[in-house]
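Structure first, commentary second.
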Amino acid sequence: MSILMVAFLGACSSDESPDESAKAQTQVAQAAESNSRGKVVILGFDGVDPGIVQSMMDAGELENLSKLAQQGTFKKLGSSNPPQSPTAWSSFTTSKHPGNHGIYDFLRRNPANYRPGVGFGSAQPAVLNPDGSLRRAPSFKNFRKGKSFWKIASDQSAKSKILSVPFAFPADSLEDGCMLAGLGVPDIRGTSSWFAYLSDTFTEHESISGGDKIPIVFENDKATIQMEGLKIPKSRPAKYATAPMDLEVNRDQKSVTVSLPSTTVTVKEGEWTDWLEWEFNVTEKYSVHAISRIHILEVGEAVRLYMTCMQFDPSHPYMEFTSPPEYSQELKDRYGNFKTIGWIFDTHALRQGGLTQDIFLEDVENTMTWRETLTLDELDRGNVDLLISAWTGTDRVGHMFWHHRDAKHPLYTEEGNKKYGRAVENTYSKMDSIVGKVMEKLSDDDLLLIVSDHGFHSFRRGFNVNTWLIRNGYLAVNGEPDSATATNTNRFLFKNPDGTGGYNWSKTKAYSIGLGSIFLNLKGREGEGIVDAADADALRNEIRGKLLALKDPQSGDAVFTEVYTSDFYQGRVTSNAPDLQLGYAEGFQSTKDAAAGVAPADLFEDNMDTWSGEHAASDMSHSAGVFFSNKAIKSDSPHLVDIGVTALTYLGKKVPGDLEGKSLF
Ligand SMILES: [Zn+2]
């Protein structure tokens, strides 16, 4: 056994070196004292809707979850406000409401200059020395305030295994345990996921939402492409470190041979390559490793390939994403390369035609199975008081396949319904099968909790919030004084480079950026604020009242069931809280344009995007997730913030006074 292997075995394994064995035994004894009630296993499934779960159980499906409902508990689980994943999972993780963890949206604006950025954290690229060597490794800072409850448990010597909990990145260092970070882990570019769509039918390199279209120029059916890896630090205009990929197609065989400096592989149309290992030489003294896979979409007259984002290589991760750091190599030793990207299902490529619905669903199935295997293996390996494992396939299929199940959706077709109308249900059946396999491994003393962070709704009609604010005199556009016709096409609240265009802050009282937030242009907070603090309450209430009265002229339906004002958010980190949080009625959401701060001409539009299910700015009062347990609980209204407190209490650990949840038992 090499020194390296000893280190790996220590990462998250029941095998221990003799030195560590004594220490471990003491810890086991301590744990046994406090943990007479067995272990706690929490399985998280993103975006599982209680209505669909109920109707499936009524139809005799979801055998294992039904068993839990009969023997223990099935209830709705209160979500966060807004009921979107960064906010909700941060409430799960910290047992705190957004007012105390500070994560309100996928986007967070800097009020001083109105610039938006990623809402839950920011990636810092590598810093290089003048000679090109690495001075400071790249890193990620999570904006979330508050410790994770598993860190609190681990600090009290609970042995913990934390697998892919969304938005819990970077991984916590745990006393005796391991953590694999999930959603939030970027690709080597620092984006949530940047795919490549390659074809000899493309004439030029073009950036599209979430990826690049890359032309392949064949000569005698051979081509070499310089694939872009990550941006070279401080390069302006941006330059990317590249690595070569040779392609050779055999059109008769419908196959492509892909050659990288390290490997050559031949795959047929409809197949995936195995993981390709890349090395990008950023400078002579600093190189970055990555892995990706290629799916051969078409080899015939046209050649079309889809390539996943360049994700961290578990052997040489661009940033640490496991705890201990060696755990990523341990997983690679066990399973080979694996998806390390947080945004694990490529919805961007599916929306852009770079992936088909069938391939996407097959990938969801396979990836859910991979996580199932990991979870069952970690249970089998033992040495665990608290195991948490989470899946996001349930949510992504909801987002991308909802139009097939909602006859009122503008993209609904009977053909689509026949083929994909049960895609969401199928992921719920997969969840049920995972739950069943985990149940088999637990004893009566163990506590099993199944949670989802929010429910789901159809997204049929988009509302342009900024257009509405303009039409109602709250938002002004530079150079377009007529509020009846003014529009703004600039994204993310930017002005044109020459200072024209964008919004006129000196005449703006309120603006919207993000999935469902309205901010006042407040004096002293916003860089060019004009609203006095003394007038803010009245203004918030005035806007709220008008929005609640708003009807969609097409259907006559109310657009909002509630609009929450900032006093909803109480706590220590409310400076980023929205002044108004929209609570859309079923069927409505902000348009993608509105989320980016844009104001198109029309107030409403049909949602013609296959991103057709949504929950991000739905009224939280009808967007609960689900809660199952193998034991009966005493609370009628469990909430996400209760889960951590319940786990700590069950494990016999102290619950810090600043946690806002309560134990469910
Ligand atoms: Zn979610």
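The sequence shown begins at 47 in this note's numbering and counts up one residue at a time.
Note that beta-carbon positions come from the ideal geometry of N, C-alpha and C, so glycine has one too.
Would the beta-carbon of residue i fall within 8 Å of that of residue j?
i	j	result
residue 215	residue 227	yes
residue 391	residue 451	no
residue 306	residue 269	no
residue 605	residue 509	yes
residue 477	residue 448	no
residue 534	residue 551	no
residue 400	residue 248	no
residue 500	residue 661	yes
residue 346	residue 297	yes
residue 686	residue 124	yes
residue 711	residue 680	yes
residue 672	residue 277	no
residue 367	residue 231	yes
residue 169	residue 236	yes
residue 131	residue 92	yes
Closest by CA to residue i, which one among the options?
i	options	result
residue 281	512, 558, 173	173
residue 383	453, 471, 358	358
residue 315	348, 166, 488	348
residue 259	266, 142, 271, 213	271
residue 205	478, 97, 693, 706	693
residue 386	339, 396, 423	339
residue 238	637, 356, 285, 498	356
residue 614	143, 551, 400	143
residue 388	584, 684, 210	210
residue 654	664, 634, 663, 662	634
residue 698	103, 469, 431, 207	431
residue 423	207, 538, 492	207
residue 264	302, 232, 222, 212	302
residue 408	664, 223, 317, 245	317
residue 365	233, 89, 564	233
residue 511	231, 598, 99, 312	598
residue 469	435, 84, 426, 410	410
residue 539	565, 416, 519	565
residue 584	612, 607, 684	612
residue 481	89, 85, 84, 83	89
residue 704	570, 218, 295, 617	617
residue 588	518, 157, 630, 541	518
residue 195	139, 284, 462, 498	139
Does the beta-carbon of residue i, which I'm using as the reference point, lie nearer than 7 Å to any heavy atom of ligand 1?
i	result
residue 151	no
residue 93	yes
residue 183	no
residue 665	no
residue 500	yes
residue 404	no
residue 134	yes
residue 431	no
residue 441	yes
Pop quiz: residue i and residue j are said to be a contact at Cβ under 8 Å. What is the actual Cβ separation, rounded to whole angstroms?
i	j	result
residue 394	residue 257	6 Å
residue 403	residue 466	6 Å
residue 141	residue 548	So it is not a contact: roughly 40 Å between Cβ atoms.
residue 369	residue 220	6 Å
residue 521	residue 554	5 Å
residue 455	residue 664	Contact flag wrong, Cβ pair sits at about 15 Å.
residue 493	residue 86	5 Å
Any heavy atom of ligand 3 closer than 7 Å to the Cβ of residue i?
i	result
residue 131	No copy of ligand 3 occurs in the structure displayed; its ligands are ligand 1 alone.
### Query
Pairing CB atoms from the stretch 662–673 with CB atoms from the stretch 583–600, are three or more of them under 8 Å?
no
### Query
Quick check: the stretch 100–115 against the stretch 183–191, are there 3 or more CB pairs under 8 Å?
no
### Touch test, the stretch 636–647 against the stretch 550–560, Cβ-Cβ under 8 Å, three pairs minimum
yes
### Query
When the Cβ atoms of the stretch 576–586 are set against those of the stretch 157–165, are three or more pairs found closer than 8 Å?
Because the criterion of three Cβ pairs below 8 Å is not met, the stretch 576–586 and the stretch 157–165 do not touch.
### Query
Would you say the stretch 149–162 touches the stretch 324–334, given that touching needs at least three Cβ pairs under 8 Å?
no
### Message
Would the stretch 671–678 count as touching the stretch 620–633 if we require 3 or more Cβ pairs under 8 Å?
### Response
Cβ pair count under 8 Å is below three, so no.
### Task
Indicate whether the contact test is met: 3 or more Cβ pairs, each with one atom in the stretch 288–303 and one in the stretch 320–330, closer than 8 Å.
They touch, by the three-pair rule.
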